[in-house]
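Heads up: the structure comes next, in structure tokens.
2 protein chains.
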Amino acid sequence: MDPQPLYRQLANHYLGAIKAGTLGQGERMPSVRSMMRLHDVSLSTALQTCRQLESEGWIEARPRSGYFVRQPRRVAMMPPEEPNFGLPPDPAQYVGIHARVSDFIAKGRASPIKVNLSGARAAPELYPAAQLKNAAIRALRRNPELLVRSCPPGGNAQFRAILARRALALGMVLSPDDITITHGCIEALNLALRAVTQPGDTVAVESPTFYGLLQILESLGLRALEIPAGTGSGISIEALELAMQTYGNIKAVVVVPHLQNPLGSIMTDVSKQRLVHLCEQHGVALIEDDTYSALVESEVPLNALKAWDRSGNVIYCASLHKILAPGMRLGWMVAGKWQARVAMLKYAQTRDNEEWSQIAAAEFIASTDFDRHLRRLRAALRPQRERMAEAIAAGFPLGTRMTMPQGGITLWIELPHKLSAKKVFDEALRHQILIAPGSMFSNSNRYDAFIRVSCGWRYSEEIDDAVRRLGHIVSGLAR
Amino acid sequence: MDPQPLYRQLANHYLGAIKAGTLGQGERMPSVRSMMRLHDVSLSTALQTCRQLESEGWIEARPRSGYFVRQPRRVAMMPPEEPNFGLPPDPAQYVGIHARVSDFIAKGRASPIKVNLSGARAAPELYPAAQLKNAAIRALRRNPELLVRSCPPGGNAQFRAILARRALALGMVLSPDDITITHGCIEALNLALRAVTQPGDTVAVESPTFYGLLQILESLGLRALEIPAGTGSGISIEALELAMQTYGNIKAVVVVPHLQNPLGSIMTDVSKQRLVHLCEQHGVALIEDDTYSALVESEVPLNALKAWDRSGNVIYCASLHKILAPGMRLGWMVAGKWQARVAMLKYAQTRDNEEWSQIAAAEFIASTDFDRHLRRLRAALRPQRERMAEAIAAGFPLGTRMTMPQGGITLWIELPHKLSAKKVFDEALRHQILIAPGSMFSNSNRYDAFIRVSCGWRYSEEIDDAVRRLGHIVSGLAR
Ligand SMILES: Cc1ncc(COP(=O)(O)O)c(C=O)c1O
Ligand SMILES: Cc1ncc(COP(=O)(O)O)c(C=O)c1O
């Protein structure tokens with residue numbers, strides 16, 4: 089039996105047809121309906137097939153006309169190899185990741201930087217500065233006591249209502265009261281983890297994962313168990329299941345289902361469903377970090393993990409920080425059966441968030457401007473990512489591998505010959521270029537040969553120059 | 089040997105003279121200088137003597153002329169008895185305080201409330217709403233990217249600079265870089281405790297103390313050891329020393345030196361100095377919660393505990409939430425030798441605070457408006473407190489005792505005959521009056537016969553009526 093999932097088999101089938109020229113450039117793909125009929129597969133599998141091919145750059149969606157075979161991409165780089173999902177994971181040491189991360193951060197801050205490719209945020213000009221500013225001023229004018237009266241418990245009512253309304257598009261049916269407003273997704277993750285764990289407990293995370301999560305785990309005295317995740321559809325459910333059977337003490341799983349940081353992977357609906365059920369079965373809390381779903385470039389609607397949650401076992405965490413306003417610390421969470429405990433922890437940790445920013449954000453999000461802004465943001469990020477990818481493909485030596493995610497602000501690059509990214513980091517710093525080395529994204533040394541680069545900035549000559557320099561550095565060191 | 093501190097002995101001496109009429113109403117007290125000469129005491133003792141008599145309402149300061157014997161106060165109520173400082177403290181159970189507190193909070197929220205006397209915040213009209221709003225609008229206009237660019241690490245530079253400048257008045261010499269901006273004093277206390285303790289550790293606190301602190305301790309898995317504190321000068325250093333000798337595992341002491349909540353006590357400089365040295369000697373971190381010093385009504389300059397800190401062993405925590413803007417969550421801290429660890433925890437817990445509110449607050453604080461506002465706030469709170477105290481003295485039954493703090497927003501009342509405040513709370517709620525029962529302020533049941541009432545509102549007929557009703561309730565139940 090073919091060990092690959094059905095959608096992957098089907099994608100390979102079409103890939104063959106595209107490579108053989110049977111499906112030529114610009115030609116229309118069979119519709120999702122006809123794929124279902126032709127191959128006797130479900131809607132979900134047909135959709136995942138198309139999304140997979142799209143994420144690999146072979147086909148593209150055109151509004152209201154379906155999928156088409158793309159122009160041959162100038163970027164012909166392999167994605168990083170999928171990890172071996174069959175090996176049982178090692179419980180990683182959690183101690184020390186913070187020291188490692190802050191070491192890199194401190195080095196970056198101590199040096200003069202011309203080109204900063206280390207972040208996961210878009211450039212300020214890609215956010216609606218003027219509209220938000222005006223909404224904030226209106227909020228202050230309309231509520232003259234806003235800064236001197238106390239904040240409503242749980243958050244501003246309109247803001248929670250509009251967030252609940254928008255959550256419908258991700259398959260979540262929420263009441264505004266289910267929502268707790270937080271200081272960014274970071275605080276939401278802190279509260280979620282504090283609600284479901286005790287210090288010393290083990291938490292399963294994707295490997296590699298967002299270093300901020302590893303710092304939270306370390307600061308709370310939790311142990312990270314890293315589960316292999318691939319650039320395609322993210323965390324391996326098989327590996328997670330194996331880990332749950334091997335280690336009885338896993339208290340929570342934290343997953344970024346959409347545009348995982350740093351992999352850029354997007355979980356399939358099938359995986360999501362299995363994950364939700366697996367965690368429920370094993371009595372393990374599932375914490376969903378949905379910081380990036382609004383940046384996914386796809387016509388196919390996405391579902392949150394929480395959409396399959398029937399027992400309140402999923403804690404959904406999200407943020408407006410990366411998609412709306414990096415100068416505001418607005419996050420939110422739906423804590424399911426832990427809501428009372430999360431409310432208590434939030435109260436004891438920072439009290440309720442200030443109301444003014446919630447009112448300003450609520451006004452903007454309720455208008456059509458928000459969706460327009462998100463479309464523009466995605467439309468601006470795509471060519472930035474593509475040009476960055478092209479420059480890397482052109483300037484980095486043979487053997488370099490790279491993700492080509494279906495949206496988002498970063499690329500994940502595997503250097504050839506197991507070259508240590510620490511050396512590249514140091515050398516780049518001498519050229520006033522800042523990158524994020526792979527070892528920030530794991531407690532292990534598994535990603536020492538990776539770097540994450542930001543595509544958040546308008547692709548300028550300066551950036552082009554920096555990427556070329558990075559290519560030289562890698563080539564020089566890899567020799 | 090008289091076990092009372094020198095300033096108390098001296099205060100008793102003058103009290104005798106006042107009661108005997110030797111020092112008549114309106115008469116001038118000997119100057120501080122002549123007291124030093126007459127009694128061969130230090131400046132500090134002479135000052136503390138005057139402050140003690142002032143806080144008990146016997147004398148009052150007149151700008152540039154010294155202290156004068158006051159009109160006989162209409163409020164002739166005894167303060168709650170000082171605790172027995174000699175008994176070794178019991179390590180209190182920390183489990184359950186949150187449930188107890190949230191039970192009261194939930195009851196309050198579930199009932200219709202006409203008169204809310206449960207808070208420790210002044211009414212919105214006592215804060216500079218218009219000026220802050222205008223400063224906020226200016227900040228947004230002058231920095232068009234404020235909401236869409238990332239926040240500077242540690243906080244806005246101007247804001248930290250002006251806080252450092254103002255700290256001089258409390259005897260602290262700080263560089264702006266010593267300061268970390270937080271989401272209120274609550275987050276500062278969380279970070280301080282997380283920096284210096286591990287779950288399971290014991291932390292010494294004043295008894296009674298601010299329930300928010302007990303909630304933090306419980307949420308962090310810490311044990312509270314309650315040290316007796318008096319309405320005069322707060323925590324008993326003797327009792328703390330005894331506790332440190334008895335329990336080897338005290339990791340930190342948290343103290344509110346100025347207008348302790350709920351006692352209203354103000355530590356003397358002598359006590360402060362002893363406390364700082366005691367903690368340093370025993371290697372116990374000292375966490376100072378200075379939420380209220382700006383509300384102290386006194387001509388005598390105050391010193392923070394941190395002013396005596398030579399080794400970085402004191403963590404200073406403060407807030408603008410109660411004194412400037414209850415709609416903003418602005419706090420700050422000086423973490424001494426734990427600064428790097430606090431910076432890491434702050435980053436992992438909520439990231440840096442939003443910048444806009446810091447810019448707005450910085451502008452206001454840098455102007456002369458801030459001191460004018462503080463003078464007005466104190467001048468408004470004083471008669472509110474006095475009228476509340478008079479109404480309580482008139483309406484509550486014999487045997488009621490009450491603090492008369494030298495500033496601040498609350499009064500602490502001991503009910504006669506050990507009447508349980510829980511009964512008063514429930515009965516008051518039926519009259520749509522909300523109070524804070526004493527059992528919120530301790531893990532023990534020691535304060536079951538106490539209530540805390542807010543004087544934050546303009547003293548209206550409605551409030552007067554509510555206090556009269558409370559008096560009836562207490563009289564009825566105490567019979
Ligand atoms: C996956 C993920 N979660 C959370 C965050 C932080 O979110 P916020 O800024 O809303 O606290 C980031 C930021 O890099 C992220 O990549
Ligand atoms: C002693 C004390 N510390 C801290 C706080 C809370 O401070 P903030 O609102 O700045 O978080 C309070 C509020 O009641 C308090 O009384």
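As you go down the protein sequences, you meet chains F and Z in turn.
Here the first sequence is numbered in the working numbering, starting from 89 and rising by one per residue.
Here the second sequence is numbered in the working numbering, starting from 89 and rising by one per residue.
Ideal Cβ positions, reconstructed from N, Cα and C, are used throughout, including at glycine.
Model, not experiment: these values are computed from the prediction.
Between which two residues does the beta strand (DSSP E) carrying residue i extend?
i: Ser-122 (chain Z); result: Unbroken run through Ser-122 (chain Z) is the alpha helix (DSSP H), 120-127; no beta strand (DSSP E).
i: Lys-195 (chain F); result: Careful: Lys-195 (chain F) lies outside any beta strand (DSSP E), inside the alpha helix (DSSP H) at 185-198.
i: His-271 (chain F); result: 267-271
i: Val-402 (chain F); result: 402-407
i: Phe-538 (chain F); result: 538-542
i: Arg-311 (chain F); result: 311-318
i: Glu-294 (chain F); result: 290-295
Please work out which residues of its chain come closer than 7 Å, Cβ to Cβ, to residue i, disregarding the five sequence neighbours upstream and downstream, and give them in chain order.
i: Gly-300 (chain Z); result: Ile-274
i: Asp-397 (chain F); result: Val-364, Gly-424
i: Val-568 (chain F); result: One cannot answer for residue 568 (chain F) here, as it falls past the ends of chain F, which runs 89 to 567.
i: Asn-450 (chain F); result: Sequence inspection shows Ala at residue 450 (chain F); the Asn mentioned does not correspond to that position. Contacts found: Asn-244, Gln-246, Phe-247, Ile-250.
i: Ala-134 (chain F); result: Val-120, Met-123, Met-124
i: Gln-181 (chain F); result: Any reading at Gln-181 (chain F) must be qualified, since the residue scores a pLDDT of 47, below 50, and its modelled position is unreliable; no value is offered.
i: Ser-381 (chain F); result: Leu-258, His-346, Leu-390
i: Val-402 (chain F); result: Val-364, Leu-374, Glu-376, Leu-393, Lys-394, Gly-424
Is the beta carbon of residue i less than 8 Å from the beta carbon of residue j?
i: Met-260 (chain Z); j: Lys-410 (chain Z); result: no
i: Leu-418 (chain Z); j: Gln-437 (chain Z); result: no
i: Trp-420 (chain F); j: Leu-279 (chain F); result: no
i: Leu-390 (chain Z); j: Leu-258 (chain Z); result: yes
i: Leu-235 (chain F); j: Ala-413 (chain Z); result: yes
i: Ala-448 (chain Z); j: Leu-214 (chain Z); result: no
i: Cys-543 (chain F); j: Met-476 (chain F); result: yes
i: Asp-378 (chain F); j: Gly-242 (chain F); result: no
i: Ala-194 (chain F); j: Glu-387 (chain F); result: no
i: Leu-302 (chain F); j: Arg-282 (chain F); result: no
i: Ser-295 (chain F); j: Gly-320 (chain F); result: no
If you follow the alpha helix (DSSP H) that residue i is part of, which residue opens it and which one closes it?
i: Asp-440 (chain F); result: Element bounds for Asp-440 (chain F): n/a, residue is neither H nor E.
i: Leu-517 (chain Z); result: 509-518
i: Ala-423 (chain Z); result: Per DSSP, Ala-423 (chain Z) belongs to no alpha helix (DSSP H) and is neither H nor E.
i: Phe-156 (chain Z); result: Careful: Phe-156 (chain Z) lies outside any alpha helix (DSSP H), inside the beta strand (DSSP E) at 154-157.
i: Leu-351 (chain F); result: Leu-351 (chain F) -> no alpha helix (DSSP H), and no H or E assigned at all.
i: Ser-132 (chain F); result: 131-143
i: Thr-334 (chain F); result: 325-334
i: Asp-553 (chain Z); result: 549-566
To which residues of the same chain is residue i closer than 6 Å at the C-beta, ignoring the five residues directly before and after it?
i: Phe-484 (chain F); result: Gly-559, Val-562
i: Gln-361 (chain Z); result: Trp-396
i: Leu-465 (chain Z); result: Leu-214
i: Met-89 (chain Z); result: Confidence is the limiting factor: at Met-89 (chain Z) the pLDDT is only 48, short of 50, which leaves the residue's position unreliable, though a coordinate-based value still follows. If we look at Met-89 (chain Z) and ignore the five residues flanking it on each side, it has no Cβ neighbours.
i: Ala-99 (chain Z); result: Thr-137, Gln-140, Leu-141
Any heavy atom of ligand 4 closer than 7 Å to the Cβ of residue i?
i: Gly-322 (chain Z); result: Questions concerning ligand 4 fall outside what the structure shown contains, since the ligands it does hold are ligand 1 and ligand 2.
Original post:
Quick one, which residues of the region 409-421 of chain F are near chain Z if we go by CB-CB under 8 Å, in chain order?
Top reply: Ala-413, Pro-414, Gly-415, Met-416, Arg-417
Original post:
Closer than 9 Å, Cβ to any Cβ of chain Z: which residues of the region 424-456 of chain F, in chain order?
Top reply: Ala-428, Ala-431, Met-432, Leu-433, Tyr-435, Ala-436, Gln-437, Thr-438, Arg-439, Asp-440, Asn-441, Glu-442, Glu-443, Trp-444, Ser-445, Ala-448
Subject >> Contact residues within the region 279-295 of chain F, judged by C-beta distance below 7 Å to chain Z >> reply: Shown in chain order are the members of the region 279-295 of chain F whose Cβ falls below 7 Å from a Cβ of chain Z: Pro-287.
Original post:
What residues in the region 229-241 of chain Z have a beta carbon less than 8 Å from any beta carbon of chain F?
Top reply: Listed by position along the chain: Arg-229, Pro-232, Glu-233, Leu-234, Leu-235, Val-236, Arg-237, Ser-238, Cys-239, Pro-241.
Original post:
Which residues count as close to ligand 1 when the rule is a CB under 5 Å from any of its heavy atoms, in chain order?
Top reply: So the residues near ligand 1 by this Cβ test are F:Ala-208, F:Gly-272, F:Cys-273, F:Ile-274, F:Phe-298, F:Val-344, F:Asn-349, F:Asp-377, F:Thr-379, F:Ser-407, F:His-409, F:Gly-419.
Subject >> Proximal residues, the region 255-275 of chain F versus chain Z, C-beta separation under 7 Å >> reply: With the criterion set as a beta carbon lying under 7 Å from some beta carbon of chain Z, the members of the region 255-275 of chain F are His-271, Gly-272, Ile-274, Glu-275, in sequence order.
Original post:
Looking at chain F, which residues of the region 190-215 of chain Z have a Cβ within less than 7 Å of any of its Cβ atoms?
Top reply: Ser-190, Arg-209, Pro-212, Tyr-215
Subject >> Contact list for the region 453-480 of chain Z against chain F, Cβ threshold 8 Å >> reply: For the region 453-480 of chain Z, there are no residues whose beta carbon sits under 8 Å from a beta carbon of chain F.
**OP:** Could you name the residues of the region 344-360 of chain F whose beta carbon sits closer than 8 Å to any beta carbon of chain Z, in the order they occur along the chain?
**Re:** none
Original post:
Just by C-beta distance, which residues in the region 315-326 of chain F are closer than 8 Å to chain Z?
Top reply: none
Original post:
When you check each C-beta in the region 501-529 of chain Z against every C-beta of chain F, which residues fall closer than 8 Å?
Top reply: none
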